[in-house]
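To keep things clear, I will list the structure first and then write my remarks on it.
Protein chains: 2
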Amino acid sequence: MLEMAILGLLKEQPLHGYELKKRLGEILGVLSGVSFGSLYPALARLEGTGGVEAVAAEEGSTTNGSVVPERIPMTGSLGGERAAFRARRGAVRGSRGKKIYAITPAGGRLFDQLMTGEGRSAQDDRGFLVRLAFACHMAPEARLGLLERRRALLVERLVRARLGATSGRRRLDAYAVSLIEHGTETTERDISWLDRLIDAEHATERAAEHAAGHAMTERDDP
Amino acid sequence: MLEMAILGLLKEQPLHGYELKKRLGEILGVLSGVSFGSLYPALARLEGTGGVEAVAAEEGSTTNGSVVPERIPMTGSLGGERAAFRARRGAVRGSRGKKIYAITPAGGRLFDQLMTGEGRSAQDDRGFLVRLAFACHMAPEARLGLLERRRALLVERLVRARLGATSGRRRLDAYAVSLIEHGTETTERDISWLDRLIDAEHATERAAEHAAGHAMTERDDP
DNA sequence: GTCATCATGTAAGCCGTTACATGATTGC
DNA sequence: GCAATCATGTAACGGCTTACATGATGAC
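Order-wise, the sequence lines are chains A and B. Here the first sequence is numbered in this note's numbering, starting from 1197 and rising by one per residue. Here the second sequence is numbered in this note's numbering, starting from 1197 and rising by one per residue.
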């Protein structure tokens, strides 16, 4: 879960823990509450597994909180000598004792595995949200599968709620009723949102097929 | 959290663990996923604390899954002799080895404390939902406070999201954008839902004051 | 008599939190 | 030099999940 999010963010660019936490809060309102107490151990775990590695820092022009515009190049940006020196020093550390992490090929594979895996958190609300946040890194079929599985789950929830409403519902107080009604409406909205995403996905797919057809057969129909 | 929900359900009527789990799933879509592995220990904890107690079962006409219509009377429904016998037997058990729990006065106080308490889970999404589900058992002021604190929290989230959108937002992919937009809309809807609940609350309060005014001063203004 | 369901419980473990401890850098 | 912030980590603990173990009851 957290590891998935970390890998997803590092896929875009190498970052250090503190910045990672900020972005986690920004992009995913979902898991805005991640604390250092879980973030750093997660990073350490990933480093132990070989999913991420500490890389030499290339400080951008802005040392304060604002965004570094240019992408920090992957490992190897500094000469091997300096990197070796830093390694001898115990760990690769940046300006303020920062430890900047980058994703490794193994980490990429782990990421794919976590994103695709059906395991427990896949049908968790937060699990879906985090996966969607990094859906751009998924294979199109996997992405479509994610969306459709989620849709199916929400529909099932809705059916279950309706069943509960019709069958032996004990008379509930106004608060419980309002809660259930609002929940149902929210689920309905979520489903139509997913429908829009799924439609967009199919459209993209068709466009890609069409383009491929053009390229392969060199047909010509404007 | 779970204990709060258990106490809330038991406030309505004594139940055994298995049934408790079913109702938890029905009423609160939120924590439909509670498992026996957490439910039974929670009940045991509550029994240890004295928040709930096992009571003698009064089997309704329906032994299957359907709802027992009449409220099961509180402890003391069976003669002291039989209760004592059952107690000697080790524990109070019903027909299928069921252990039916009822809330005690101490449990009622614990419930109030948990519902009112600001502690950690109060600003948790699920925490709010569960509290609202049992809001009918709260004092009107506490209930209003709950709703208004929740509203403030959502408004702050919204502001934070808007700030993030205007300031140095790195260009996000379509999925992240859609996720954030949908999240924002959902938060807005949640806020207006809360507004309706808060309005209703004020209306009730005014009505109560008005009625009290009538009763106390015997004034007459139609 | 045996199978599905109802019913209660235990054990191991995951994932996350809070609180605490530490140190580097910058601004005043 | 002192405070605020940036930055990394550790320790203790909480709550909930999965998987497992057990037994009663009713349907067929």
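No residue lacks a Cβ here, since even glycine has one placed at the ideal position from N, Cα and C.
Bridge pairing for B/TYR1297: B/LEU1211 and B/ALA1250 [DSSP]. For the stretch 1311-1344 of chain B, the residues whose beta carbon sits under 7 Å from a beta carbon of chain A are, in order, LEU1325, LEU1328, ALA1329, ALA1331 and CYS1332. Neighbours of A/LEU1306 in chain B, taken as residues whose beta carbon is under 9 Å from its own, are absent, since the nearest beta carbon is some 20 Å off. Residue burial is scored here from C-beta neighbours: B/PRO1237 has fewer than 16 other C-beta atoms within 10 angstroms and is therefore classed as exposed. The beta carbon of A/GLY1303 sits closer than 6 Å to the beta carbons of LEU1203, GLY1247 and VAL1248 from its chain, once the five residues preceding and following it are set aside; these are given in chain order.
Interface annotation, A/GLU1249: not in contact with chain B, CB-CB separation never under 7 Å.
Of all residues in the stretch 1197-1230 of chain B, only GLU1222, ILE1223 and GLY1225 come within less than 7 Å of chain A when Cβ atoms are compared, listed by chain position.
Here B/VAL1226 is near B/ARG1322, since their CB atoms are less than 7 Å apart. A/PHE1324 places its beta carbon less than 7 Å from that of A/ARG1346. In this chain, the alpha helix (DSSP H) harbouring A/PHE1324 covers 1321-1329. Contacts between B/ALA1404 and chain A, judged by CB atoms closer than 7 Å, are missing: the closest CB pair is about 15 Å apart. Of B/LEU1198, B/MET1197, B/ILE1223 and B/GLU1215, the smallest CA-CA separation from A/ALA1370 is found for B/ILE1223. Less than 7 Å separates the beta-carbon of B/THR1383 from that of B/ARG1353. Within the stretch 1328-1373 of chain B, the runs of alpha helix (DSSP H) that reach at least 4 residues and sit entirely inside it are, in chain order, 1336-1362. With a beta-carbon spacing of about 11 Å, B/LEU1242 and B/GLY1213 fall beyond the 8 Å limit used to define contacts.
Interface annotation for the stretch 1232-1248 of chain A against chain B: empty, criterion Cβ-Cβ distance under 7 Å. In this chain, the alpha helix (DSSP H) harbouring A/GLU1243 covers 1232-1245. Residue contact with chain A for B/HIS1398: absent (no Cβ-Cβ distance below 7 Å to any residue of chain A). From the listed residues A/LEU1205, A/ASP1395, A/GLY1409 and A/ALA1399, the smallest Cα separation to A/ILE1299 is found for A/LEU1205. For chain B, the residues of the stretch 1378-1396 of chain A that bring a beta carbon within less than 9 Å of one of its beta carbons are HIS1378, GLY1379, THR1380, GLU1381, THR1382, THR1383, ARG1385, ASP1386, TRP1389, ARG1392, LEU1393 and ALA1396, in chain order. Within chain B, the residues placing a beta-carbon under 7 Å from that of A/ARG1353 are GLY1225, ordered along the chain. Between B/LEU1211 and B/LEU1235 a beta carbon distance of about 11 Å is seen, past the 8 Å cut, so the two are scored as non-contacting. Residue-level contact by beta carbon holds for A/ALA1372 and chain B, with a gap shorter than 7 Å. The straight-line gap separating the alpha-carbon atoms of B/GLY1409 and B/ASP1395 is approximately 21 Å. Minimum Cα-Cα distance from A/ALA1403 among the listed residues A/PRO1336, A/ALA1348, A/ILE1387 and A/LEU1349 corresponds to A/PRO1336. Straight through space, the alpha carbons of B/ARG1289 and B/ILE1387 are spaced by roughly 46 Å.
The three-state secondary structure of B/GLY1313, taken from DSSP, is coil. Rounded to whole angstroms, the separation of the alpha carbons of A/LEU1198 and A/HIS1333 is 16 Å.
Per DSSP, reduced to three states, the secondary structure at B/LEU1227 is coil, with no helix or strand assignment. In the displayed model, B/MET1200 falls within a helix according to three-state DSSP. Within chain A, no C-beta atom comes nearer than 8 Å to that of B/ALA1298; the closest sits roughly 17 Å away. When secondary structure is reduced to three states using DSSP, B/ARG1305 falls in the helix class.
C-alpha of B/ASP1308 to C-alpha of A/GLU1208: approximately 48 Å in a straight line. Counting other Cβ atoms within 10 Å of its Cβ, A/ALA1201 reaches 16 or more and is therefore classed as buried.
One alpha carbon belongs to B/PRO1301, the other to B/THR1245, and they sit about 12 Å apart. Inter-residue distance for A/LEU1390 and B/LYS1295 is about 44 Å (C-alpha atoms, whole angstroms).
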